[in-house]
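S.K.: Quick one: the structure is below, and I'll ask about it shortly.
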Amino acid sequence: MMIPSQSISGDQFKSVMRRFAASVNVITSADGAVMNGMTATAVCSVSADPPSLLVIVNKSNRSHPVISRSGTFAVNVLSSDQEELAGHFAAKKPDPFADIDHRIGQTGCPLIRDADATLECAVVQETDFGTHTIFIGRIVTCAVASKSPLLYHEGRFCRLEDMALHYA
Ligand SMILES: Cc1cc2nc3c(=O)[nH]c(=O)nc-3n(C[C@H](O)[C@H](O)[C@H](O)COP(=O)(O)O)c2cc1C
1 MMIPSQSISG DQFKSVMRRF AASVNVITSA DGAVMNGMTA TAVCSVSADP
51 PSLLVIVNKS NRSHPVISRS GTFAVNVLSS DQEELAGHFA AKKPDPFADI
101 DHRIGQTGCP LIRDADATLE CAVVQETDFG THTIFIGRIV TCAVASKSPL
151 LYHEGRFCRL EDMALHYA
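Each residue of the sequence shown is one higher than the one before, starting from 1 at the first, in full-length UniProt numbering.
Below is the structure:
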């Protein structure tokens with residue numbers, strides 16, 4: 001079979017990727033006194049043995065050197081009532097954790113209170129691809145609150161509760 005050599009445009013890519021419904025997470029990181037958090041949907045399970053996941057981070061994000069230098073990050077899965085935090089951690093605030101209720105985890109990364117779930121990871125592999133880096137992390141701790149998750153679809157935040165009404 002011939003493998004097509006052409007590719008799609010950036011705009012086509014963006015419009016098709018908007019069709020992926022995703023949970024909304026904040027990837028947190030810390031290096032010495034510097035703590036950061038960035039909103040992210042590019043978070044994916046890798047394997048149960050060893051327990052691992054991956055996150056994909058733009059190289060121009062402030063979080064990138066913090067994760068790379070410290071070798072750790074945490075994934076905070078946002079709850080359906082935490083949309084404000086998703087906006088906050090996408091806005092490059094000067095002191096992102098100043099007014100955010102959090103505790104410090106075993107890895108030194110900040111963990112957001114009342115998140116749906118939190119997972120702390122040690123980076124085991126870092127792979128650059130184009131503008132981004134794929135960080136694979138071995139999961140060292142996790143906690144689940146079993147709330148309802150915040151979702152992102154077609155450029156908008158949404159909730160399972162809304163969908164139940166929509167499809168009723
Ligand atoms: C819903 C949503 C999902 C996002 N997902 C990602 C992602 O998976 N990877 C990424 O690098 N940036 C993602 N971003 C953009 C970052 O959150 C944004 O660039 C942020 O300002 C980076 O923060 P930092 O520079 O402090 O690290 C997303 C933004 C939004 C609103």
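Every residue gets a Cβ at the ideal spot worked out from N, C-alpha and C, and that includes glycine.
(1) Using the C-alpha atoms, what's the distance from residue 27 back to residue 41?
(2) Indicate, with yes or no, if ligand 1 has a heavy atom lying under 6 Å from the CB of residue 35.
(3) For residue 156, name the three-state secondary structure that DSSP assigns.
(4) So, does the region 57–68 touch the region 22–36, judging by three or more C-beta pairs under 8 Å?
(5) Quick one: any contact between the region 114–126 and the region 140–154, if contact means 3 or more CB pairs under 8 Å?
(6) Can you list, in chain order, the residues of its chain with a C-beta nearer than 6 Å to that of residue 62? Leave out the 5 residues immediately preceding and following it.
(7) I want to check one thing, is the minimum distance from the CB of residue 57 to the heavy atoms of ligand 1 below 6 Å?
(8) Beta carbon of residue 62: closer than 6 Å to some heavy atom of ligand 1?
(9) Taking the alpha carbon of residue 81 as the reference point, which residue from 155, 5, 9, 151 has its own alpha carbon closest?
(10) Select from 134, 4, 159 the residue whose C-alpha is nearest the C-alpha of residue 46.
(11) Does the separation of the CB atoms of residue 126 and residue 74 fall below 7 Å?
(12) Tell me whether residue 39 counts as near ligand 1, meaning its Cβ is closer than 6 Å to at least one heavy atom of that ligand.
(13) Would the beta-carbon of residue 90 be found less than 6 Å away from any heavy atom of ligand 1?
(14) According to DSSP, residue 135 sits in a beta bridge with which residue or residues?
M.R.: Well, looking at it:
(1) 10 Å
(2) The closest heavy atom of ligand 1 lies 6 Å or more from the beta carbon of residue 35.
(3) Strand at residue 156.
(4) yes
(5) Touching, yes, given that three or more Cβ pairs across the two stretches are closer than 8 Å.
(6) 36
(7) yes
(8) yes
(9) 151 is the residue among 155, 5, 9, 151 whose C-alpha sits nearest the C-alpha of residue 81.
(10) Taking only the C-alpha atoms, the option nearest residue 46 is 134.
(11) no
(12) yes
(13) yes
(14) 55, 126
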